[in-house]
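Going by numbering that gives the first Met the number 0, 188 is the number at position 189 of the sequence shown; the sequence numbering is gapless.
Here's the structure, in structure tokens; my notes come after.
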Amino acid sequence: MNRKAFIKNMGLAAGVVALGLGCSKEAAASGTDTSGKTAVSAGKVAVVYFSWSGNTRFAAETIAKKAGAALFEIKAETSYNSDFNKCCDEAKPECYGKKLRPIKPIEGLDLAKYDVVFVGTPDWWGTMAPPVRTWVARNKDALKGKTVGIFQTHGGGGMERVGKEFAEVVGDAAKILPPKAFSGSSIKSATKALEAFVDERIAGK
0 MNRKAFIKNM GLAAGVVALG LGCSKEAAAS GTDTSGKTAV SAGKVAVVYF SWSGNTRFAA
60 ETIAKKAGAA LFEIKAETSY NSDFNKCCDE AKPECYGKKL RPIKPIEGLD LAKYDVVFVG
120 TPDWWGTMAP PVRTWVARNK DALKGKTVGI FQTHGGGGME RVGKEFAEVV GDAAKILPPK
180 AFSGSSIKSA TKALEAFVDE RIAGK
């Protein structure tokens, strides 16, 4: 992801929300499951996310509200600098190297309680933010047998490698839902699209 796109994702430029590709096209590009909605009981959905600028946080909160899900935030042990350029200096080599940035334990999160887990990340240089990669890698065994899916906010690049690399880290022991990409710069006007993301993937029972 280039600098201009990254700035947009951080919410420093305006844009029009991207609804992304259709589920079938997204799934085909990332090797995910396309076999319809997943039936899930009330209280069995969790949303786990990392956010630097607040864009992914807004998406996660909206998705959690629509899904009736518990909401959990991934936090790095050492936070990224709040200055854009300094954050880039820290994060770019981590992203290109697929490095795992240490994260804090998430208080109250017991994955055994949930059947469906949505994971949210910003798109940083075409991939997951390093704290998200760390969380997924650390919990891939706990995600076995569950239905998992990723959503991301971006600055113009679309899904890029996020869905594909998420699936690679999770492995084939979980059912992976079609991923979705949302424009970060106008995410706060994308409530309907975020709610549709939930409706297209899970159904209450």
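Idealized CB from N, CA, C, for every residue including glycine.
Using only alpha-carbon positions, find the residue among the options that is nearest to residue i.
i, options, result
"Asp-171", "Ala-180, Asp-198, Asp-140 and Lys-65", "Asp-140"
"Val-118", "Ile-186, Gly-162 and Glu-93", "Gly-162"
"Val-44", "Lys-103, Val-115, Ser-184 and Ala-166", "Val-115"
"Ala-75", "Lys-97, Phe-49 and Val-135", "Phe-49"
"Tyr-79", "Ile-62, Lys-103, Trp-51 and Lys-97", "Trp-51"
"Arg-133", "Ala-63, Ile-201 and Thr-120", "Per the sequence presented here, residue 133 reads as Thr, with Arg not at that position. Per the Cα distances, Thr-120."
"Gly-96", "Arg-200, Ala-66 and Trp-123", "Trp-123"
"Ile-105", "Glu-93, Glu-167, Val-47 and Lys-36", "Val-47"
"Glu-199", "Leu-110, Phe-150 and Val-135", "Phe-150"
"Lys-103", "Thr-77, Glu-89 and Gly-35", "Thr-77"
Roughly how many angstroms separate the alpha carbons of residue i and residue j, rounded to a whole number?
i, j, result
"Ala-195", "Asn-84", "34 Å"
"Pro-101", "Gly-203", "35 Å"
"Met-158", "Lys-191", "19 Å"
"Val-39", "Lys-145", "11 Å"
"Val-169", "Leu-99", "14 Å"
"Pro-129", "Ala-41", "31 Å"
"Gly-154", "Gly-125", "10 Å"
"Cys-87", "Gly-156", "17 Å"
"Asp-82", "Ser-188", "25 Å"
"Leu-108", "Asn-138", "11 Å"
"Glu-93", "Val-131", "12 Å"
"Thr-37", "Ala-63", "16 Å"
"Gly-148", "Ile-175", "6 Å"
"Ala-143", "Ala-173", "Looking at the sequence provided, one finds Lys at residue 143 rather than Ala. For Lys-143 and Ala-173, the distance between alpha carbons rounds to 5 Å."
Apart from the five residues on each side of it in sequence, which residues of its chain come closer than 6 Å, Cβ to Cβ, to residue i?
i, result
"Ile-227", "Any answer about residue 227 is impossible in this case: the structure gives the chain only from 0 up to 204."
"Thr-61", "Thr-190 and Leu-193"
"Ala-66", "Val-44 and Val-197"
"Tyr-113", "Lys-43 and Ala-45"
"Gly-35", "none"
In its own chain, which residues sit with a C-beta less than 7 Å from the C-beta of residue i, not counting the 5 before and 5 after it?
i, result
"Lys-91", "Trp-124"
"Val-135", "Val-118, Phe-165, Val-168 and Val-169"
"Met-127", "Thr-120, Val-161, Glu-164 and Phe-165"
"Glu-89", "Tyr-79 and Asn-80"
Quick one: residues in its chain with C-beta nearer than 8 Å to the C-beta of residue i, no 5 flanking neighbours on either side, listed in chain order?
i, result
"Leu-110", "Ala-45, Val-116, Asn-138, Ala-141, Leu-142 and Lys-145"
- Does the region 173-180 come close enough to the region 66-84 that 3 or more CB-CB pairs lie under 8 Å? no
- Task: Pick out the complete alpha helix (DSSP H) segments inside the region 113-166, 4 residues or longer, and give them in chain order.
- Result: 129-138
- Query: Counting only runs that start and end within the region 34-71, where is the beta strand (DSSP E) found for 3 or more residues in a row?
  - Reply: 37-39 and 44-48
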